[in-house]
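For reference, the structure is listed below as structure tokens.
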Amino acid sequence: MSFHPVARRKAAAIAATLAALTLTGCSSVTADVDSFGSADFGSSGGTQPAAAATLATLDTIPVKGRAPKTGYDRDRFGPPWTDDVRVAGGHNGCDTRNDILARDLVGETFKPGTRDCVVASGTLDDPYTAKRIDFVRGQTTSTAVQIDHVVALSDAWQKGAQQLDDATRRDLANDPRNLLAVDGPTNGSKSDGDAATWLPPNRSYRSTYVTKQVEVKSAYGLWVTQAEKDAIAAQLATC
22 MSFHPVARRK AAAIAATLAA LTLTGCSSVT ADVDSFGSAD FGSSGGTQPA
72 AAATLATLDT IPVKGRAPKT GYDRDRFGPP WTDDVRVAGG HNGCDTRNDI
122 LARDLVGETF KPGTRDCVVA SGTLDDPYTA KRIDFVRGQT TSTAVQIDHV
172 VALSDAWQKG AQQLDDATRR DLANDPRNLL AVDGPTNGSK SDGDAATWLP
222 PNRSYRSTYV TKQVEVKSAY GLWVTQAEKD AIAAQLATC
């Protein structure tokens with residue numbers, strides 16, 4: 022499956038709509054943009070139903086203590102940005118990092134001869150800081166925009182992912198639902214924090230951020246700590 026240019030324009034339009042809807046810190050709709058730019062919208066009847074739905078999902082996620090980090094290695098989640106996955110964008114001939122850059126940037130250009138696969142430049146409206154960032158591919162410039170695992174892989178490892186098989190861990194590491202193009206330094210400051218220890222500086226995005234974490238942890242059978250659950254619930258209570 023490929024990230025068609027028309028799909029990217031649709032995804033950009035949806036992202037702009039969501040950005041406008043999150044100015045109060047809560048989205049009145051939730052949307053997952055797949056590799057074709059389609060969206061599965063949640064309730065449009067106000068912010069409370071969306072938050073209530075996320076809280077209901079949160080209550081289905083087991084609450085346990087954080088397991089030891091013993092045995093964790095990035096390679097346990099497969100080669101970075103492998104295309105050999107079963108999630109949206111898998112086996113489309115482009116690596117996952119470029120798939121997400123193409124999805125999240127606007128005005129993007131591509132390196133010639135790569136079948137519109139390798140993103141050369143573009144502009145990111147960063148959800149974590151609300152800054153506009155110009156991306157230019159290069160040895161010293163690419164790190165300005167990084168791809169964040171919304172549920173950090175180390176956090177996932179300590180909360181159930183070590184019990185997943187190799188293929189499922191590869192899917193988790195490359196699932197578009199768990200990936201965002203974001204400001205590089207801010208991504209570095211997050212490290213492997215969960216919602217109890219780190220939330221985006223951009224307060225208007227926090228409810229969307231924790232909603233994504235709940236979605237991913239539910240989908241992959243991961244658990245949360247009590248402190249993490251309390252932090253997510255407190256954020257959603259602002260909706």
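Just so we're aligned: 39 in my numbering is position 18 of the sequence shown, and the numbers increase by one with no gaps anywhere. The beta-carbon is built from N, C-alpha and C at its ideal position, and this holds for glycine as well.
Residues in its own chain within less than 6 Å of residue i by CB, not counting five upstream and five downstream?
i, result
"residue 33", "Low local confidence applies: a pLDDT of 45 at residue 33 is under 50, so the model's placement there is unreliable, with the coordinate-based value given in what follows. For residue 33, where only same-chain residues beyond five positions count, the Cβ hits under 6 Å are 127."
"residue 102", "116, 117, 118"
"residue 215", "176, 249"
"residue 149", "203, 204, 207, 221, 223"
"residue 169", "201, 203, 208"
How big is the Cα-Cα spacing for residue i and residue j?
i, j, result
"residue 252", "residue 186", "29 Å"
"residue 184", "residue 190", "9 Å"
"residue 94", "residue 200", "19 Å"
"residue 156", "residue 141", "8 Å"
"residue 260", "residue 130", "37 Å"
Provide the residue(s) that pair with residue i in DSSP beta bridges, ordered along the chain.
i, result
"residue 130", "142"
"residue 170", "200"
"residue 157", "142"
By a C-beta neighbour count over all protein chains shown, 10 Å radius and 16 as the cutoff for buried, is residue i buried or exposed?
i, result
"residue 152", "exposed"
"residue 105", "exposed"
"residue 229", "buried"
"residue 206", "exposed"
Given residue i, which residues of its chain have a CB within under 7 Å of its CB, disregarding the five upstream and five downstream residues?
i, result
"residue 181", "242, 243, 244"
"residue 217", "246, 248, 249, 252"
"residue 257", "72, 75, 76, 228, 231"
Between which two residues does the alpha helix (DSSP H) harbouring residue i extend?
i, result
"residue 253", "247 to 257"
"residue 206", "205 to 211"
"residue 108", "Here residue 108 belongs to no alpha helix (DSSP H), and DSSP marks it neither H nor E."
"residue 238", "227 to 240"
For residue i, I'd like the list of residues in its chain whose CB is within less than 8 Å of its CB, leaving aside the five on either flank, ordered along the chain.
i, result
"residue 219", "210, 211, 212"
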